[in-house]
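*Asks:*
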Amino acid sequence: MGLSETGDRVAVTALDPATVGGWRTGRLSYTAAPLAAVAADLGRSIGVPVRAAPEVAARPFTGVIMLDPDRDLLFRRVAALLGVRAVRTADGWTLIPGEPR
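Listed below in C-alpha cells is the structure:
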C-alpha cells in the first residue's frame, strides 16, 4: 500500500511490491508522480540538489528511471524521458521546460 496525494486529498493506493525499494538497485519507479517529486528523489539518490522549475513541477510522470553514475549521461536520459531540459547549476541540476539537448 502507498499514499497518493492530489491537492488537499490523500488516498491509499495499491503498489506493486516489486517497485518498493527500487532506489536501492538504481531504479526509481513512478505512477503519475509530479516532476517536483521525481526531481527530489533524483537529488536524494545521487547526493546533489535536483529541482523542477515551477513551469514543469506539477507535470505527471509515469515510468522508471535507471540511475547511472555518469551524471551527464543520467540527465541526458532523464531529460529525454521526461520531455524537459536538464540544466547543470552551481550546486546540482534543474529540470526546465523545453526540448532535451
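Add 911 to the 1-based position in the sequence shown for our numbering, that's all there is to it.
The beta carbon of each residue, even a glycine, is placed where N, CA and C say it ideally should be.
(1) As a quick exercise: from D979, L992, G954, pick the residue whose alpha carbon is nearest that of R970.
(2) Should V975 be labelled buried (16 or more other beta-carbon atoms within 10 Å of its own) or exposed?
(3) Under DSSP, the beta strand (DSSP E) around L939 begins and ends at which residues?
(4) Quick check: A990 and R1012, are their CB atoms within less than 9 Å of each other?
(5) Here's a check: name, in chain order, each residue in its chain whose Cβ is nearer than 8 Å to the Cβ of G1009, leaving out the five neighbours to either side.
(6) For V867 and T1005, I'd like the C-alpha separation in whole angstroms.
*Replies:* Per the coordinate set shown:
(1) Indexing the sequence shown from 1 puts residue 970 at position 59. Relative to R970, the option among D979, L992, G954 whose CA is nearest is L992.
(2) One-based indexing of the sequence shown puts residue 975 at position 64. Classification of V975: exposed, given that the 10 Å Cβ count is below 16.
(3) Looking up residue 939 in the sequence shown gives position 28. For L939, the enclosing beta strand (DSSP E) starts and ends at 938-945.
(4) Residue mapping note: residue 990 aligns to position 79 of the sequence shown, counting from 1. Residue mapping note: residue 1012 aligns to position 101 of the sequence shown, counting from 1. Yes, the pair counts as a contact, with Cβ atoms nearer than the cut-off.
(5) Walking along the sequence shown from the start, residue 1009 turns up at place 98. Contacts found: V995, R996.
(6) Any property of residue 867 remains undetermined from this structure, which presents the chain solely from 912 to 1012.
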